[in-house]
Each structure stands twice: as C-alpha cells, then as structure tokens.
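Student: Counting in my numbering, the sequence shown runs from 4 upward without gaps.
Each residue gets a CB set at the ideal place from its N, CA and C atoms; glycine is no exception.
Supplied in structure tokens, the structure appears directly below.
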Amino acid sequence: MRGSRYNMGCSSHDTNDFEMKLKIIELQMDQRILNLEKQVSALTKVNQVLTDRVEKCDIRHQRDIDLHHGQTKLYPRQVGGTRIAFYAYMAKDESSPGRHHTFIFHNVTTNVGNAYNKHTGILTATSAGFLVFSVVVYPVGGSHIPVEVVKNSDVIGSTTTYTNGHYSLATTTIIVQLSVGDACYIRTSSSVTPSGSIFSRQEAKTSFTGWLLF
Numbered sequence: 004m005r006g007s008r009y010n011m012g013c014s015s016h017d018t019n020d021f022e023m024k025l026k027i028i029e030l031q032m033d034q035r036i037l038n039l040e041k042q043v044s045a046l047t048k049v050n051q052v053l054t055d056r057v058e059k060c061d062i063r064h065q066r067d068i069d070l071h072h073g074q075t076k077l078y079p080r081q082v083g084g085t086r087i088a089f090y091a092y093m094a095k096d097e098s099s100p101g102r103h104h105t106f107i108f109h110n111v112t113t114n115v116g117n118a119y120n121k122h123t124g125i126l127t128a129t130s131a132g133f134l135v136f137s138v139v140v141y142p143v144g145g146s147h148i149p150v151e152v153v154k155n156s157d158v159i160g161s162t163t164t165y166t167n168g169h170y171s172l173a174t175t176t177i178i179v180q181l182s183v184g185d186a187c188y189i190r191t192s193s194s195v196t197p198s199g200s201i202f203s204r205q206e207a208k209t210s211f212t213g214w215l216l217f
C-alpha cells in the first residue's frame with residue numbers, strides 16, 4: 004500500500020512537471036511564430052516590390068535576337084509560372100531515426116502548386132526561382148538529432164538538437180535558387196549518428212515549410 008501511494012505521488016508530480024514543460028514549449032512556439040510572421044511580412048513586401056518591377060518589364064517586353072534564320076523576333080518576357088507554397092508537419096513522433104534518414108511530413112495543410120509530396124517528404128520545384136525553406140524539429144528530452152536541408156544531393160543547410168534533458172527545438176531558415184525539377188528535402192546527417200527520437204504532437208509539431216519568393 005505504501006508503495007502504491009508513493010507511486011501515485013510520483014505520477015502526480017511528473018504530470019505537473021510535464022504540464023509546466025508544455026507551457027514553456029507553448030511560450031517558445033508563440034515567440035517563434037511571432038518572429039516568423041515578422042519575417043514573412045518583410046519578405047512579402049520585398050516580393051511585391053520585385054513583382055512590380057517584373058510586371059513593368061513584361062509590359063515593355065524584352066527583345067531577343069534569333070539569328071538562326073537571320074530574323075529578328077520579339078518574344079514576350081516569361082513571368083509568373085507555377086506558384087509554390089506549402090506547410091507540412093509530422094503526424095506523430097519519429098522513434099530512433101538513423102543516419103541519412105529522410106523526414107516524412109505526412110500532414111499537409113497548405114500545398115499550393117502541389118510541389119510537396121507527403122509520401123516521400125520531397126519538394127520538387129515546379130517553377131524556377133528563389134525559394135524560402137524553414138524547418139522546425141522538436142526532440143524528445145535528451146535527444147541529439149543532427150538535421151540537414153538537401154537540394155538534390157547537396158547539403159545546403161543544417162541545424163541540430165541537443166536538449167541535455169530539457170525541452171528545446173532546432174530550426175533553420177534558408178533561401179535557395181532552384182531550377183524546375185530540383186528536389187529538396189530534410190534528413191538526418193549522413194556523417195553524425197542521431198540519438199533519441201523526434202517529438203511531434205498537437206502541442207508542438209516538427210514541421211517543414213516553404214514558399215516561392217520570386
């Protein structure tokens with residue numbers, strides 16, 4: 004009986020401690036979301052300015068010289084293309100991922116242009132231009148998860164989690180130039196072995212997002 008009461012007391016204490024940690028995570032997420040909203044707002048303004056410039060060039064057209072038959076031709080400037088914007092997150096925790104492990108973000112809430120594949124975890128560029136990518140990874144307490152952002156076979160960004168027993172997160176945001184058909188995805192490091200697991204639940208989601216800047 005004494006042992007049972009002691010276990011119940013530990014369970015209650017652990018629950019309170021877990022709830023406090025969740026509140027800390029919520030505060031961290033709120034701050035992260037606020038910072039991302041500011042970045043998106045700033046990038047949206049830059050994007051609008053650049054779009055206006057491109058549209059003015061489109062109105063004037065751009066003269067291209069075609070010397071194949073000794074003729075001069077006028078081609079309209081190619082602008083626009085398929086728009087890309089997506090947000091996806093892991094549907095559940097990922098237990099003990101190994102090296103060179105591609106992350107699959109099954110739950111997709113936004114996928115303009117259908118460039119992101121929720122079955123493979125890969126974004127395939129359907130339009131050429133500069134894309135912004137952002138990844139947020141939550142580790143289970145004490146986990147060390149080295150993360151890489153990959154374009155085709157090249158590592159173009161990286162971050163890592165190391166919580167030392169405390170709840171934390173790893174995140175990185177990059178801008179990369181892509182051509183049509185280029186593939187981008189998130190994976191664990193190919194040289195450093197991860198330890199532990201990835202956390203992704205209702206209160207904190209491990210996620211991958213991106214959008215075409217211009």
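1. If contacts are defined as beta-carbon pairs under 8 Å, then Thr174 and Val139 qualify, I think. What distance do you get, rounded to the angstrom?
2. Leaving out the 5 sequence neighbours to the left and right, which residues in its chain are closer than 8 Å to Arg35 when beta-carbon positions are compared?
3. Could you say which of Ile189, Gly145, Thr162, Tyr141 lies nearest to Ile125 if we only look at CA atoms?
4. Within 10 angstroms of the Cβ of Ser137, are there 16 or more other Cβ atoms? Answer buried if so, exposed if not.
5. According to DSSP, simplified to helix, strand and coil, what is Gln42?
6. Three or more C-beta pairs closer than 8 Å, one from the stretch 109-119 and one from the stretch 90-98: is that the case here?
7. Taking DSSP as the reference, what is the three-state secondary structure of Val237?
8. Using the three-state DSSP reduction, which class does Thr18 fall into: helix, strand or coil?
9. Taking all protein chains shown into account, do 16 or more other C-beta atoms lie within 10 angstroms of the C-beta of Glu181, making it buried, or fewer, making it exposed?
10. Hey, Ile159 and Ile148 are a contact pair by Cβ (cut 8 Å); roughly how many whole angstroms apart?
11. Among the candidates Thr85, Ala118, Tyr165, whose CA atom is the shortest distance from the CA of Phe202?
Tutor: This is what the structure holds:
1. Separation of the CB atoms of Thr174 and Val139 is rounded to 5 Å, and the pair is thereby assigned contact status at 8 Å.
2. Contacts found: Val139, Leu172, Thr174.
3. Nearest of Ile189, Gly145, Thr162, Tyr141 to Ile125, Cα basis: Ile189.
4. Buried, by the Cβ-count rule.
5. The answer is helix: DSSP assigns Gln42 an H, G or I state.
6. Counting Cβ pairs under 8 Å, three or more are found: they touch.
7. Outside the modelled stretch of the chain, which goes from 4 to 217, sits residue 237, for which no answer is possible.
8. Thr18 falls in the helix class under three-state DSSP.
9. The question names Glu, yet the displayed sequence has Leu at residue 181. Classification of Leu181: buried, given that the 10 Å Cβ count is 16 or more.
10. Cβ atoms of Ile159 and Ile148 stay farther apart than 8 Å, at about 18 Å.
11. It is Tyr165.
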